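K.L.:
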Amino acid sequence: MKTELRLVGNYLGSSYSELQNLIRAADTKANILIAIIGAILSLFFSFIMTNNTAPIWQVVIVLALFFISGGFALSTLYPRISKKTGKFSLIYYKDAININSKETVKDLMNKNLEEKIIEDYINSIKSLSLIVNKKFIKLKIAYIVFGLAVVLKIIFELYAWLQY
182 MKTELRLVGN YLGSSYSELQ NLIRAADTKA NILIAIIGAI LSLFFSFIMT NNTAPIWQVV
242 IVLALFFISG GFALSTLYPR ISKKTGKFSL IYYKDAININ SKETVKDLMN KNLEEKIIED
302 YINSIKSLSL IVNKKFIKLK IAYIVFGLAV VLKIIFELYA WLQY
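Take any residue in the sequence shown, count from 1 to its spot, add 181: that is its number in the working numbering.
1. Do you know offhand how far residue 189's Cα is from residue 321's?
2. With a CB to CB cut of under 6 angstroms and the five nearest residues on each side skipped, what residues in its chain are close to residue 253?
3. When you compare each of 327, 344, 345 to residue 213 by their alpha carbons, which one comes out closest?
4. Could you tell me the alpha carbon to alpha carbon distance between residue 290 and residue 209, rounded to whole angstroms?
5. My assumption, with CB atoms under 8 angstroms, is that residue 330 sits in contact with residue 250. Please give the rounded CB distance.
6. State yes or no: is the C-beta of residue 302 within less than 8 angstroms of the C-beta of residue 193?
7. Anyone know if the C-beta pair for residue 215 and residue 313 falls short of 8 angstroms?
8. I need the boundaries of the alpha helix (DSSP H) containing residue 341, first residue and last residue.
9. Here's the rule: buried if 16 or more other CB atoms are within 10 angstroms of the residue's CB, otherwise exposed. What is residue 257?
10. Taking residue 280 as part of the alpha helix (DSSP H), name the residues at either end of that continuous run.
11. Sort 299, 345, 206 by Cα distance to residue 186 and report the nearest one.
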């Protein structure tokens, strides 16, 4: 039994779209985390200027953790840069740039390109999956370091409060 091409096309198209949505979700979460870090740092710096009661080593540790967390969040947003594959692809922009429009239209109308199109989709889905994986790993590290910074800041403040 031969697979219906419309079914394959819908499946691959929805997989591609879902991966693009995951990339957007990771970027949105990274942007939110960067905004929260910025707000916390501005409050932290204004507090340091008015009440400089914390030891400098505590301030350095907490600031370093916030900056590391922000760095991982920024690296999540860093644009994905890949080399062109040199293969037929209308999905990947670096390959699509070099396509001759008239020849591609003729090829699409005259030849049976089903296998090439399916291969293009699968290669693009694989590339997007790698991008999604990298983004969420960086985002996870950013969240962990951010949480560690907040917990340490709370512990330092509680310790200082209990000593008075």
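Even glycine gets a Cβ: it sits at the ideal position worked out from N, Cα and C. From a predicted model like this one, the values you see are computed outputs, not experimental measurements.
P.N.:
With the structure as the only source:
1. 33 angstroms
2. 319, 322, 323
3. 327
4. 40 angstroms
5. 6 angstroms
6. yes
7. no
8. 295-344
9. buried
10. Segment: none, residue 280 is in no alpha helix (DSSP H) and carries neither H nor E.
11. 299
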